[in-house]
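In our numbering, the protein residues as written are 44 to 239.
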Amino acid sequence: MKLEFFFDYGSPYSYLADSQLVGLRTRTHCEVVYRPMLLGGVFKATGNRSPAEESVVPKLKYQSLEMQRWVDYYAVPFASNPFFPVNTIQIMRAAHAAQQAGVFGEFHTAIFGAMWERERNLGDAEVLVQELEDSGLDGQSLVSRAASPEVKELLRETSDEAVARGVFGAPTFFVGDEMFFGNDRLPFVERRLLDS
């Protein structure tokens with residue numbers, strides 16, 4: 044079975060969900076299909092908004108507590124990025140460029156680590172390039188390719204497809220046509236995969 048993973052590197056819950064996918068693949072023998080989308084575009088198209096824009100103070104505080112609970116539960120490294128929320132359009136385009144170049148695995152690990160473990164400002168193109176270079180990738184080439192009309196269109200198409208299929212936030216998973224929203228839905232994703 045295929046598991047489609049719609050995500051944005053600016054989403055901390057996408058990072059948390061991603062940390063569980065190796066185990067999920069091992070237990071279910073699914074194929075994970077990574078679908079980089081622009082979360083800001085999805086929010087705009089659906090009328091949703093970032094949890095960072097929450098105006099109810101108790102809810103905002105609770106969100107931080109809940110995030111820490113998941114970090115502790117998964118026992119993964121995590122740092123609250125001081126540059127959050129980051130405009131991720133260039134990063135998400137670069138993800139598509141990395142898929143085209145056949146280096147997505149390395150790119151994916153580097154970017155989630157830079158964003159949610161090392162607190163880097165990936166909205167800054169120079170920082171993005173340097174993080175990729177430090178990971179052994181040709182950062183300048185990937186960022187240049189990300190600016191091409193073809194790659195820009197790939198990101199737009201993926202984001203539009205996500206919205207058309209009912210996506211309103213990240214992370215969102217699909218097993219066939221069945222949608223699961225949120226890191227906390229991974230047990231349901233696993234059950235669905237095992238039942239397939």
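Just so you know, even glycine gets a beta-carbon here, dropped at the ideal spot from N, CA and C.
Backbone CA spacing between residue i and residue j [nearest angstrom]
{"i": "A83", "j": "E221", "result": "The question names Ala, yet the displayed sequence has Gly at residue 83. So the alpha carbons of these two residues sit roughly 23 Å apart."}
{"i": "A138", "j": "F150", "result": "7 Å"}
{"i": "L180", "j": "V99", "result": "42 Å"}
{"i": "R112", "j": "C73", "result": "27 Å"}
{"i": "F217", "j": "L59", "result": "17 Å"}
{"i": "A189", "j": "P101", "result": "39 Å"}
{"i": "V119", "j": "P230", "result": "18 Å"}
{"i": "T201", "j": "N164", "result": "24 Å"}
{"i": "V172", "j": "G182", "result": "4 Å"}
{"i": "E176", "j": "A122", "result": "22 Å"}
{"i": "V114", "j": "S54", "result": "14 Å"}
{"i": "N124", "j": "G166", "result": "12 Å"}
{"i": "V206", "j": "P214", "result": "13 Å"}
{"i": "F223", "j": "F211", "result": "11 Å"}
{"i": "A140", "j": "E160", "result": "23 Å"}
{"i": "Y116", "j": "E109", "result": "10 Å"}
{"i": "R136", "j": "S187", "result": "10 Å"}
Where residue i falls, given that 16 or more other Cβ within 10 Å makes a residue buried
{"i": "N130", "result": "exposed"}
{"i": "P79", "result": "buried"}
{"i": "E196", "result": "exposed"}
{"i": "E233", "result": "buried"}
{"i": "D174", "result": "A small fix is needed here, since residue 174 is Glu in this sequence, not Asp. E174 is buried by the Cβ-count criterion."}
{"i": "N226", "result": "buried"}
Cβ-Cβ separation, residue j to residue i (assumed contact under 8 Å), whole Å
{"i": "Y52", "j": "M158", "result": "5 Å"}
{"i": "F50", "j": "D61", "result": "7 Å"}
Residue interval of the beta strand (DSSP E) (run including residue i)
{"i": "F50", "result": "K45 to F50"}
{"i": "T215", "result": "T215 to V218"}
{"i": "E222", "result": "Checking the displayed sequence, the identity of residue 222 turns out to be Met instead of Glu. Start and end: E221 to F224."}
{"i": "P55", "result": "Premise fails: P55 lies in the alpha helix (DSSP H), P55 to D61, not in any beta strand (DSSP E)."}
N-terminal and C-terminal residue of the alpha helix (DSSP H) that residue i is part of
{"i": "V65", "result": "L64 to T71"}
{"i": "V186", "result": "G182 to A189"}
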